[in-house]
Structure formats: structure tokens, C-alpha cells
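Q: All residue numbers for the sequence shown refer to our numbering, where the first residue is 40 and numbers rise by one.
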Amino acid sequence: MSLNYNTADAQSYFSRMLSGEVARPPVLTLLGSRIDAVDAAAGMLSATYEAPPDFRNPAGTVQGGMLSAMLDDLTASLVDATLAAGQGVATLNLNVSFLRVAQVGTLQGEARLLRRGRDVCHVMGSLLQDGKEVATAVAVCKVVPVT
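Here it is as C-alpha cells:
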């Protein structure tokens with residue numbers, strides 16, 4: 040999740056965004072993203088995504104790039120939830136595996152922090168539809184200073 044870092048406190052911005060106090064970035068609306076639960080201390084995040092008909096490829100299923108964008112949002116959102124004031128996140132690598140086709144509709148996302156170093160985080164994300172995993176990703180994210 041890309042946050043507007045024009046605030047002095049990224050953590051409180053994340054909280055205000057979740058509460059609806061500040062506007063969400065437009066890409067989250069495009070992806071139909073909704074954070075359902077965050078446990079930053081445990082390194083866990085759950086989210087829901089709504090894939091509209093516009094996300095279909097010629098075969099009629101959700102295009103892989105859109106699933107990748109959801110996984111990037113999902114994994115970066117978890118890192119965002121752990122940030123201190125003056126920190127942001129940049130995805131260095133996103134390794135996506137597609138396991139089955141996804142249909143237009145609701146997808147559940149789950150992210151888990153695998154390892155957090157001083158400035159590099161490893162995060163696992165998965166997207167499920169109807170209880171079945173459709174795609175997974177391992178993200179390497181860098182914690183960066185923001186002004």
C-alpha cells in the first residue's frame with residue numbers, strides 16, 4: 040500500500056487511513072482493496088480485494104498483472120503497518136507464483152512477515168478465492184526514509 044507520506048507520522052497516517060479519516064490512495068480503489076485485520080506485532084495482515092470485469096484477460100479470468108498488483112499492495116501494506124515516523128517502504132523484489140486462475144469477484148489476501156531486519160523485510164503473501172490459493176508472492180521490501 041502506498042501511503043501519502045506528507046505527514047510527520049507514517050504510523051498514525053496508516054491508522055487514519057484505515058479509519059477513513061484520510062483519503063485512500065487511488066490505486067487502492069482501483070484494486071478494490073480493504074484491510075480487514077492488522078496485527079503488526081505478530082506480523083500478520085488480512086485484506087479483501089474486488090476484481091471487477093475490467094481486470095479480465097482474453098480468456099475471461101483475472102489478468103496476472105492485476106493479481107501481482109494486489110500481492111504487492113498486500114505485502115507492502117504489512118510493512119507499512121510496522122513503520123515508525125519518517126519511514127516508507129519500497130518493494131525491491133516481488134516473486135509471484137500463479138497456482139490457478141482467478142475469476143472476477145472477491146479475493147482474500149493474507150500476508151505474513153517472514154523476517155524484518157533493520158531496513159529490509161521479507162514478506163509472504165497469498166491470494167485466495169473460494170478458499171483456494173490462486174497466487175502467492177514473496178516480497179523483499181526496503182524500509183526507506185521519507186521527508
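Where is the CB? At the ideal position from N, CA and C, for every residue including glycine.
Computed from a predicted model, the values in this text were never measured in an experiment.
Ignore the nearest five residues each way along the sequence and tell me which others in Ser72's own chain have a CB closer than 7 Å to its CB.
A: Answer for Ser72: Ala86, Tyr88 and Asp112, listed in chain order.
Q: Where do the N-terminal and C-terminal ends of the alpha helix (DSSP H) with Asp112 fall, by residue?
A: Gly103 to Ala120 is the extent of the alpha helix (DSSP H) around Asp112.
Q: Alpha carbon to alpha carbon, how far is Ala120 from Gln102?
A: Rounded to whole angstroms, Ala120 to Gln102 spans 28 Å at the Cα level.
Q: Whole angstroms are fine: how far does the CA of Leu57 sit from the CA of Gln50?
A: In this predicted model, Gln50 has a pLDDT of only 48, less than 50, meaning its place in the structure is not dependable enough to derive any value.
Q: I think Leu138 touches Ala174, with their Cβ atoms under 8 Å apart; what is that distance to the nearest whole Å?
A: Right, their Cβ atoms sit about 6 Å apart.
Q: Taking 7 Å as the cut-off, is the beta-carbon of Pro65 closer than that to any non-hydrogen atom of the ligand MG?
A: This structure lacks the ligand MG; in fact it carries no ligand of any kind.
Q: Assign Gly170 to buried or exposed, taking buried as 16 or more other Cβ atoms, counted over all protein chains shown, within 10 Å of its Cβ.
A: The residue is exposed, with fewer than 16 neighbouring Cβ atoms inside 10 Å.
Q: For Leu146 and Leu167, which I take to be in contact (beta-carbon distance under 8 Å), what is that distance rounded to the nearest angstrom?
A: That belief holds up - the Cβ atoms of Leu146 and Leu167 are roughly 7 Å apart, short of 8 Å.
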